[in-house]
Structure formats: structure tokens, C-alpha cells
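Residues in the sequence shown are numbered from 214 upward in steps of one, following this note's numbering. The beta carbon of each residue, even a glycine, is placed where N, CA and C say it ideally should be.
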Amino acid sequence: MALAVFAVGTGCHATWLAHSLGVHARASRSFAATTLAVSLAERMRRNPEGLREGLYAKAANFPECQVQCENAALAMADLQAFHDGIGRHLGPRGQGRVDCPEPRVCVIRIAWAGQEELAWRLRLGA
214 MALAVFAVGT GCHATWLAHS LGVHARASRS FAATTLAVSL AERMRRNPEG LREGLYAKAA
274 NFPECQVQCE NAALAMADLQ AFHDGIGRHL GPRGQGRVDC PEPRVCVIRI AWAGQEELAW
334 RLRLGA
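Written as C-alpha cells, this is what we have:
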């Protein structure tokens, strides 16, 4: 009888442990996604012309940004840093993109394993 109680308790403990590890992983991904989105949003605010021109939503090669950056080069460097951060913090299953549905408004989207973790809306002041 005692052995059966011990076995049931051990099984419950294992289930609880597996569940808590899953919750911890999800919380870590959400925290990393939020940090990456806030970082990119601040970079985008420092390049208002690039944001206004929709450069953050355009796919492009990512050249190194030199001392004197043009808006497009700065936007590309910002996006490269964003994608590097996703790879570093979320791994190969992490994905990110920027959608700019209207001038001065962009949405930073981060997904993990095909499911959206975060959609951060950024509006540049007038």
C-alpha cells in the first residue's frame, strides 16, 4: 500500500515538474520577445525617416552600418541586430518581422515555432 502511494506521489511530482518547466520556457520566450521588440522599437524611434519611409518592413540585405549611416543602412543594421537577437534568444524556431500597415505605424511581430509570441505596435509621433 505504501509503495502504491509513493508511486502515485512520484508520478504527480514528475507531472508537476514537466508542467513547470514548460511554463518557465514559455515565460522565458515571452520575456526575450518583449525585450527584443522594445530594443527594436527604440532603434526605430531614432530613425524616424526610415520608419516613415517604411524601410523597416522591406526585406533587404544587411550591410554593416558605417559611421555615417543613411536611413536605409541604419534600418537594415537595426533589423540585422533584431534577427540576430531572435536567433540568439529564441533559437532556430524563432521568427521576427516588421509590418508597417500605414505611414508612421509599424507592428513588430515575433513568433516561436509558428505561433505568435508578441505583436508590438509602434506609432511614431507627428
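Limits of the unbroken alpha helix (DSSP H) element including residue i
i, result
"residue 215", "215 to 258"
"residue 334", "Not the alpha helix (DSSP H): residue 334 falls in the beta strand (DSSP E), residues 328 to 336."
"residue 340", "The displayed coordinates of the chain run from 214 to 339. Any statement about residue 340 would go beyond what the structure contains."
"residue 290", "284 to 303"
"residue 263", "261 to 265"
Spatially closest choice to residue i from the options, by CA coordinates
i, options, result
"residue 293", "314, 237, 306, 271", "271"
"residue 298", "252, 262, 334, 313", "252"
"residue 317", "326, 325, 334", "334"
"residue 257", "325, 320, 242", "320"
Same chain only: Cβ atoms within 6 angstroms of residue i, ignoring 5 sequence neighbours per side
i, result
"residue 285", "268"
"residue 322", "310, 332"
Beta strand (DSSP E) segment containing residue i, residue limits
i, result
"residue 309", "307 to 315"
Contacting residues, own chain, Cβ-Cβ under 7 angstroms from residue i (five flanking each side not counted)
i, result
"residue 288", "260, 263, 268, 269"
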